[in-house]
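If you're matching positions, the sequence shown starts at 1 in UniProt numbering and goes up one per residue. Cβ coordinates follow ideal geometry from the N, Cα and C atoms, glycine included.
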Amino acid sequence: MNFRIRLASFFVAALVLVQGLTAVFVYRVTRAELIGEGQRQLDVASRAFAGQLDERSDRVAASVQVLALDFALRSAIAQRDHATIVSALRNHGKRVGATRMLLVDVDGRVDADTADKFAQGAAFPFSDLTERALEAPASAIAAWDGRAYWVVVVPVSAPDLVGFIAAAIPVDNRLLDRLQRQSALPKRIELATRGPDARWHILAQGGGEANVDVTPALAAQVPALATRPVLIDVEGRDYVAQAVSLSHSKQSAPIVAVLGYSVDAALEPYQSVGSAWALLLGLGLLVGLMASFLIARSVSRPVEALADAARRIADGDDTVVPPSHARRDELGQLGGAFSHMVQTLREREARIRHQAGHDLVTGLPNRMAAETAIGGALEASPSARAALLMIGLARLPDIINTMGHVVSDRLMADAAHRIAPIAGDGLVARATDDEFSVFLPSATRSQAVNVALRFVEALSEPYREAEFTLDLAPAVGIALSPMHGGEASTLLRRAEVALLGAMGTEEPVAVYDPATDPHRPERLSLMSDLRKVLEGAPGVHGELELVYQPKLHLPTGRIDGAEGLLRWRHPVAGPLAPDAFIALAEETGNIRRLTRWVLGAGIEQAGRWQAAGDELRLSLNVSARDLDDVDLPRRVAGLLAAHGVSPSRVVLEITESAIMGKPETAIAVLRRLAEQGIELAIDDFGVGQSSFAYLRRLPVRELKIDRTFIAHLADSREDRAIVRSIVELGHDLGYRVTAEGVEDARAIDLLREMRCDHAQGYQVGRPLSASAFLSLVSSRAGVEA
């Protein structure tokens, strides 16, 4: 439902509500007034009805007294002339309206009855009236033979009391109708008496609607029969009714007169007024409906126009022109405010759109905008050559930490000015906080390298800030399309990989090389697989294993130990060397779990050798993070005890760099291991961050010379001098010395001459399984024998 219809409906509903409430109010007020007026009239009428009966009774009594004084009647009574008495009574009864005239003797016996000739000698039923008549004419209403009579009794004297004349005047429907017509009595009058069954029986009724009995309804709703006007329901119609107790004979059941006033009948004269009111209401509604729609149309048209414009703007239609209104009312003000709002929103949206795609410091497109533009160019020419250069400033993080972001922002803005002229038509963007990207369409590898060198040269010029001279240390990574990828995101990522390779080297420009990319997607899969292997997840088919590289004791020529080397048989990639996954374990925080596996498997194997009587020492590697674990000594001791291995059968190898991270913690852990009888060796000695200050504090028993000094031992005098010095130093400090990477017999001879203790390498033996290693040990032992 639109605004116009709702507005018009509101006006119409309001009009209907007001008119309806007015009609209901007028009706209820009129009805209440009629009910009140009816109650007042009924109260007056009840007294008038009783007065009419009394007046009629007095007239009848006077007429009957005239009869009682009639000489002929008294003579007939004295002579007991029954026929004359009855004739006189009947004639006089016709004159007074009595349907029954009786002569009652002084004993209360009926001497004559005009209505019942057999009543002679019967007792007069209303003796209380004859008793009252001794003093004055007596009258009362009575129920007699199922009908209501007004009975008047007067004495007959001649001159002494000789009897009583009783006149019974019927109070029937005709009498009540006549009384109602001759006075202002209500239209409904009923005489009723209560029968033996306690129910009220109507004796006579006059006026009003036929077949409508007020008395039973009044008795049912007001059991005591209200003597004041009350509102009752009579067969679905409203009546004001009142009961009037009439003076009755003591020998008669009580008789009441019930007067009823029909409210509905009283409202009938107002029906024409109601019809006129309904017609007026209909005309008012019609006029109001037309006026409402006209008003709603004039009000809603500008609002609907504004709503339509707002809806189109919400749907992204930038071409919407807000409606203009020349009105000076509130709608005109609303239209003007809406137009101003739309203009403000457009300006703000343009500003936000520009800010969303540009860097606020340099004004260059940001990474998102650059990726979109580069992607569009690559899609337009998917096979065309192009180059993406990622320019990084290695010193920028240090500059930010030292001098703050304000200086770094000025520096980046200056760098952008240096880059722009060299880029020419290329797309320059600020890719990250300390990196720029430059997209060069149609550029070859050599062209991209030349441009990159120019960038390095331009950015290598020192940047001066106050009294400081800042070196940016620029580097450039290059990715080529389509060689290194056909998507913008791929080129950006691979250019960043090349940039990381170039930073911190003597060659500040590097082209992406897939072979050296440490961030290949398959590495993510290996990380997940390694975690599953270490957790022992079901369904993982690759497994970790230890292989054993023999260590030759040079003085005796025997193999007296081995180094346990970890291998991973990946279900897809095949056998993997430690270099392929050890770094992954360190990156994902799984290196300690990996070390636990190595220690568990290695010490278990050492236990088998010891149980078999083999005098072999097993060397196992631990990482730098393991030396931060203060629980490592306890864990190793538990494994030794679990597999029954003597601590002297296990050597733990550490690197020099592993000690440099947290030296105090590492030295404490190593000392606890040494106190347990476990021998320690320094691996790759000579190439790490050697510190003799730490070396003399370490409880080590063995130095392992790195393979870089052994590989060319036979050909390099310098390497021989270094190795000889290390051997002598180790012996002077009380260490055993092992040479790693021995791959020729000449090296064996030289090491033996230098009094080196052990040799390890392919010349001695390749890494072998446990069974193959034992076979090699046995065969060498046989040869020596």
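Just to confirm before moving on: does the CB-CB distance between tryptophan 597 and phenylalanine 581 stay below 7 angstroms? no
Distance CB(alanine 387)-CB(alanine 448) smaller than 7 angstroms: yes
Between the Cα of serine 646 and those of Glu615, Val240, Ser778 and Asp434, spot the shortest distance and give me the residue it belongs to. Glu615
For isoleucine 399, which option in Arg410, Ile391 and Thr595 has the closest C-alpha, if you only look at C-alpha atoms? Arg410
Can you check whether the C-beta of serine 775 is within less than 7 angstroms of a C-beta belonging to chain B? Among the chains of the structure shown, chain B does not appear; only one protein chain is present.
Closest to residue 817 by CA distance: which of Gly284, Leu259, Glu702 and Ala140 is it? Residue 817 is absent from the structure shown; the chain starts at 1 and stops at 785.
Let me check understanding here. Comparing Cα to Cα, which of Asn401, Arg367, His405 and Tyr463 lies closest to valine 438? Arg367
How big is the Cα-Cα spacing for glutamate 487 and serine 481? 9 angstroms
Taking the C-alpha atoms as reference points, what is the distance between alanine 739 and glutamate 664? 28 angstroms
For proline 538, three-class secondary structure by DSSP: In this prediction, proline 538 has a pLDDT of 49, which is less than 50 and means its spatial position is unreliable; nothing more can be read from the coordinates.
Around the C-beta of tyrosine 463, are 16 or more other C-beta atoms found within 10 angstroms, so that it is buried, or is it exposed? buried
In three-state terms, what does DSSP make of glutamine 676? coil
Does DSSP put alanine 563 in a helix, in a strand, or in coil? The question names alanine, yet the displayed sequence has glutamate at residue 563. Residue state, collapsed to three classes: strand.
Just checking, does the segment 93 to 110 make contact with the segment 149 to 166 on the three C-beta pairs under 8 angstroms criterion? yes
Please look up how many angstroms separate the CB atoms of glycine 602 and leucine 576, rounded, as I've assumed it's under 8 angstroms. Actually they do not touch by this definition, with Cβ atoms about 19 angstroms apart.
Below 8 angstroms on the Cβ atoms is my guess for leucine 246 versus isoleucine 189; work out the distance and round it to an integer in Å. That belief does not hold up - the Cβ atoms of leucine 246 and isoleucine 189 are roughly 12 angstroms apart, past 8 angstroms.
Counted within 10 angstroms of its Cβ, other Cβ atoms place glutamate 563 as buried (16 or more) or exposed: buried
Return helix, strand or coil for serine 437, following the three-state DSSP convention. strand
Below 8 angstroms, can you find three or more Cβ-Cβ pairs linking the segment 142 to 154 to the segment 121 to 132? yes
Tell me the rounded alpha-carbon separation between glycine 485 and leucine 639. 51 angstroms
Starting from arginine 717, trace the alpha helix (DSSP H) both ways and give me its first and last residue. 717 to 732
Beta-carbon separation (whole angstroms), leucine 599 vs leucine 620, contact threshold 8 angstroms: 6 angstroms
Opening and closing residue of the alpha helix (DSSP H) in which leucine 599 lies: 591 to 611
Pull up the distance between the alpha-carbon of arginine 593 and that of leucine 534, whole angstroms please. 7 angstroms
Output the residue ranges of the alpha helix (DSSP H) runs that lie fully inside the segment 358 to 413 and measure 4 residues or longer, sorted by chain position. 367 to 380 and 396 to 403
Where the alpha helix (DSSP H) through aspartate 128 begins and ends: 127 to 133
Terminal residues of the alpha helix (DSSP H) in which lysine 94 lies: 82 to 96
Which residue marks the beginning of the alpha helix (DSSP H) containing serine 262, and which one marks its end? No alpha helix (DSSP H) holds serine 262; the beta strand (DSSP E) holding it covers 255 to 262.
To the nearest angstrom, how far is it from the Cα of valine 12 to the Cα of leucine 280? 15 angstroms
Does DSSP put residue 816 in a helix, in a strand, or in coil? Look at the range of the chain in this structure, 1 to 785, and you will see that residue 816 is not part of it.
Per DSSP, what kind of secondary structure is glutamine 120 in: helix, strand or coil? coil
Minimum C-alpha distance to aspartate 471 - residue among Ile422, Ala498 and Met412: Met412
Using 10 angstroms around the beta-carbon of isoleucine 169, count the other beta-carbons present and answer buried if the total reaches 16, otherwise exposed. buried
For glutamate 435, is the classification buried or exposed, using 16 other Cβ atoms within 10 angstroms of its Cβ as the cut-off for buried? buried
State yes or no: is the C-beta of aspartate 560 within less than 7 angstroms of the C-beta of histidine 570? no
Any idea which residues DSSP pairs asparagine 621 with across the strands? Glu653
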